[in-house]
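Participant: Take this structure, written in structure tokens, and hold onto it; I'll ask about it next.
Numbering (the numbering used here), first residue to last: 4 to 133.
Here you go:
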């Protein structure tokens with residue numbers, strides 16, 4: 004009988020410790036998944052206006068456009084964000100590098116250095132000529 008009592012106490016104690024560790028781990032995971040509203044400043048030397056670009060959260064596929072070179076996107080800190088050409092220009096493709104989401108960030112797009120980017124803007128120009 005005494006052994007049964009000790010085993011029961013040991014099992015209860017083990018369950019309690021396991022529960023506490025699990026709760027603590029979940030709290031840590033939830034803290035790292037905190038939503039933020041990222042303020043993205045777009046700096047570009049491109050011929051296109053800022054309104055021709057959007058910022059896309061690659062994990063959630065949410066996107067928002069730029070207004071006077073700023074965009075605000077509800078996301079999770081650390082999600083990958085990428086500048087893309089606005090989807091309304093369907094015949095244009097772009098492939099800019101991604102950036103990890105932060106509360107306040109600046110993303111630079113240099114149109115003078117990338118052959119891919121040059122092809123993107125040539126495609127845009129051809130779209131508007133038709």
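We put the CB at the ideal spot given by N, CA and C, even for glycine.
In three-state terms, what does DSSP make of residue 9?
Facilitator: Residue 9: helix per DSSP, three-state reduction.
Participant: Three or more C-beta pairs under 8 Å: does that hold for the segment 61 to 80 against the segment 9 to 23?
Facilitator: No: fewer than three Cβ pairs fall under 8 Å.
Participant: State the DSSP-derived secondary structure class of residue 55, mapped to helix, strand or coil.
Facilitator: Looking at residue 55 - three-state DSSP - the assignment turns out to be helix.
Participant: Below 8 Å, can you find three or more Cβ-Cβ pairs linking the segment 38 to 46 to the segment 94 to 111?
Facilitator: Counting Cβ pairs under 8 Å, three or more are found: they touch.
Participant: On the criterion of 16 or more Cβ atoms from any shown chain inside 10 Å, does residue 97 qualify as buried, or is it exposed?
Facilitator: With 16 or more other Cβ atoms within 10 Å, it is buried.
Participant: If we ignore side chains and look at the alpha-carbon of each, how far apart do residue 94 and residue 125 end up?
Facilitator: Those two C-alpha atoms are separated by around 11 Å.
Participant: Comparing C-alpha positions only, which one of 5, 18, 55 and 80 sits nearest to residue 70?
Facilitator: Among 5, 18, 55 and 80, the Cα nearest to that of residue 70 belongs to 55.
Participant: Spell out the partners DSSP gives residue 73 in its beta bridges.
Facilitator: In DSSP, residue 73 forms a bridge with 44 and 70.
Participant: Are residue 99 and residue 79 touching if we call contact CB-CB under 8 Å?
Facilitator: No, Cβ-Cβ distance for residue 99 and residue 79 is not below 8 Å.
Participant: Inspect the beta-carbon positions of residue 66 and residue 57 and report whether they are closer than 8 Å.
Facilitator: Yes, the pair counts as a contact, with Cβ atoms nearer than the cut-off.
Participant: Residue 72 and residue 85 - do their beta-carbons sit closer together than 8 Å?
Facilitator: No; because the gap between Cβ atoms is not below 8 Å, this pair is not in contact.
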